[in-house]
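Position 281, counted from 1, in the sequence shown is what my numbering calls 405; the numbers after and before it change by one each time, with no gaps. Heads up, the beta-carbon is just placed ideally off N, CA and C, and yes, glycines get one too.
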Amino acid sequence: MTLSVKHILSARDLTKKDVDLILQNARALKEISYRPIKKVPTLRGKQVLLCFFEDSTRTRLSFDIAAKRLSADTAVITKSGSSMAKGETILDTIKNLAAMQADIIVIRHKEAGVPWEVAKAFPQISVINAGDGMHEHPTQALLDLMTIQDAKGGVAGLNVTIAGDIFHSRVARSNMILLKKMGAKVHVCAPKTFLPADIDKYGVAVHTRLENAVKASDVLMMLRIQMERQDGFFFPSAREYSKYFGLTREIMKFAKRDLVIMHPGPVNRGLEIEPEIADGGQSVILDQVENGVAVRMALLYLLCGGKEHE
Ligand code: CP
């Protein structure tokens with residue numbers, strides 16, 4: 125079995141079979157990271173370009189590590205330090221990178237839609253969307269799904285709540301799409317100013333009180349307040365946001381004993397989540413990071429023509 129898609133642009137494009145294939149391969153490839161020599165020759169001779177025109181720690185490093193664990197070569201370009209800082213356009217930049225014979229381009233950009241433009245312009249190269257503006261972050265949704273399955277034994281029928289800055293969050297959009305596709309009951313919880321105008325289209329339950337959302341949840345994904353995207357009047361003050369929408373030990377009194385707590389990172393400690401909860405026994409935040417490497421290994425492997433991993 126192979127993937128039905130050449131690019132990983134949106135969670136919408138993936139069939140349930142694609143998702144199962146990716147996670148099955150991620151689970152098989154994960155053990156490589158625990159070997160004394162963390163490397164296999166599977167993608168030797170393949171070139172992966174990491175085009176990160178917006179800041180990243182987890183996504184960029186996990187793609188880099190994933191590629192290297194499979195023996196692919198990587199090259200990184202960021203806006204600062206490249207000729208984009210001199211005004212070269214994104215498509216001209218990618219055209220030059222493509223001429224260097226890339227097999228896969230991983231791209232993060234602050235403008236929604238850029239990965240689609242790159243995939244259209246260079247159809248011979250597989251393009252992975254590593255986050256486009258406020259739009260989508262499909263590989264994050266895949267690693268989140270793997271983490272939920274690991275923690276809960278499955279996802280179908282589970283109540284999964286995504287809470288916080290939904291409006292600015294590409295993680296929320298990709299997760300709403302993917303979790304619904306895989307049979308979860310998806311809830312969102314946010315102040316009204318943090319809910320997208322088209323939230324009804326996602327078919328999710330909407331809460332505006334965190335304790336109600338927490339009571340209903342098997343899994344709770346807290347989102348970062350995206351300070352860098354707050355160009356409107358979204359909440360009166362950090363203290364007020366934290367009081368009503370921060371995950372505190374007080375709010376956790378409403379939670380099921382086996383509630384699983386997630387966060388895509390980076391975490392604003394003390395704003396959307398108390399440090400004691402982010403670091404506590406119900407948190408799987410570092411499992412998400414660990415699974416990020418495995419999921420990205422699986423994607424690189426499958427996009428380079430790999431089949432079910434043996
Ligand atoms: N979760 C996530 O996308 O983190 P980075 O911005 O550090 O890549």
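Counting along the chain, residue 283 sits inside the beta strand (DSSP E) bounded by residues 283-287. Residue 284 is not a Cβ neighbour of residue 252, given a cutoff of 7 angstroms. A direct Cα-Cα distance of roughly 42 angstroms separates residue 317 from residue 152. For residue 202, the enclosing beta strand (DSSP E) stretches over residues 197-202. Judged by DSSP in its simplified three-state form, residue 159 adopts coil rather than helix or strand.
In the structure shown, residue 258 falls within a coil segment according to DSSP collapsed to helix, strand and coil. Taking the CA atoms as reference points, residue 128 sits about 42 angstroms from residue 394. The alpha-carbon separation between residue 367 and residue 176 amounts to approximately 35 angstroms.
Taking the C-beta atoms as reference points, residue 426 is found no nearer than 7 angstroms to residue 250. In the three-state scheme derived from DSSP, where H, G and I count as helix and E and B as strand, residue 245 is classed as helix.
Under DSSP, residue 232 forms a beta bridge with 176.
Scanning its chain for C-beta atoms nearer than 6 angstroms, with the 5 sequence neighbours on each side dropped, one finds no residue around residue 333. Residue state for residue 392 is assigned as coil, using DSSP reduced to three classes. Straight-line measurement puts the Cα of residue 304 at about 14 angstroms from the Cα of residue 295. Ordered by chain, the residues meeting the criterion of a beta-carbon within less than 7 angstroms of a non-hydrogen atom of the ligand CP are 179, 180, 181, 182, 183, 184, 255, 261, 264, 295, 388, 389, 390.
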